[in-house]
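Right under this line is the structure:
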């Protein structure tokens, strides 16, 4: 092993130490993406995606180059989400159309680039935190895909005030109710939280309290504690038993949160600007701290 000093740059991610916090940024990489797309001086966008229904695979006309540039830019944006969770949902939406992109899909991709241009200096902030408890938010957009009617689920996991993990993903199977879609989202985030709890155990910092999972669907929360197995829930029996087992062991608690404070909404749907900015701040995605230290 070799001591390379304080971390400053790793795999395209710049790490700046501001004394009481670390700031993770991919500004250089973002500028390279904009240059590749020829959009270094494009107009800025306030949000990466609009509030309209999700794009269908049949809208627009096929791209002239067969989608080569589209796939290159979409792949590059995927790596940018490592420090920019605020674009995770928008990037996920363009990636589901990589097999046959159209002009409408390219316009959606360019909107993401315009948003990145307007927030080029933003990054992920990590600060010291007294609390080491894991808290997660999970949400699902039931039947949102216009082609398959599959749901999009998203989650984010915090340790104290710091964002550790996040995801925006289309569910692999069809859900027949909003409660079912939400419960699959709960099962996904519980799996992630259990992995993080095991990781903390290996690092000799085991969690001393149950991890909290916030969901805004009352029916899904009821299923986590109700021991009765109904006929209508047998097709998601594995997810139900998995979550209930963790709840019964005292490792997980699933609680209700009003939709207004459901941070995971930013991973499942397009939001109005005011709400988007609020949730983006909750994800600790912001401009770098202003340095007040002078040089003498």
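Numbering (our numbering), first residue to last: 22 to 317. Just so you know, even glycine gets a beta-carbon here, dropped at the ideal spot from N, CA and C.
Do residue i and residue j have their C-beta atoms closer together than 9 Å?
i	j	result
residue 142	residue 293	no
residue 165	residue 74	yes
residue 159	residue 290	no
residue 144	residue 306	yes
residue 189	residue 288	yes
residue 273	residue 241	no
residue 234	residue 276	yes
residue 140	residue 183	no
residue 199	residue 238	yes
residue 135	residue 22	no
residue 115	residue 129	yes
residue 112	residue 102	yes
residue 153	residue 106	no
What are the start and end residues of the beta strand (DSSP E) that includes residue i?
i	result
residue 161	155 to 162
residue 199	First-last for residue 199: 199 to 223, but that is the alpha helix (DSSP H), not the beta strand (DSSP E).
residue 45	43 to 46
Three-state secondary structure (DSSP) at residue i?
i	result
residue 180	strand
residue 297	helix
residue 145	strand
residue 191	strand
residue 265	helix
residue 106	helix
residue 196	coil
residue 302	helix
residue 280	helix
Would you decide whether residue i is buried or exposed? Buried here means 16 or more other CB atoms lie within 10 Å of its CB.
i	result
residue 216	exposed
residue 167	exposed
residue 193	exposed
residue 214	buried
residue 209	buried
residue 314	Any reading at residue 314 is ruled out, since the residue's pLDDT is 49, under 50, leaving its predicted position unreliable.
residue 83	exposed
Between which two residues does the alpha helix (DSSP H) holding residue i run?
i	result
residue 35	Here residue 35 belongs to no alpha helix (DSSP H); instead the beta strand (DSSP E) covers 34 to 38.
residue 92	89 to 101
residue 109	109 to 116
residue 242	239 to 246
residue 137	124 to 139
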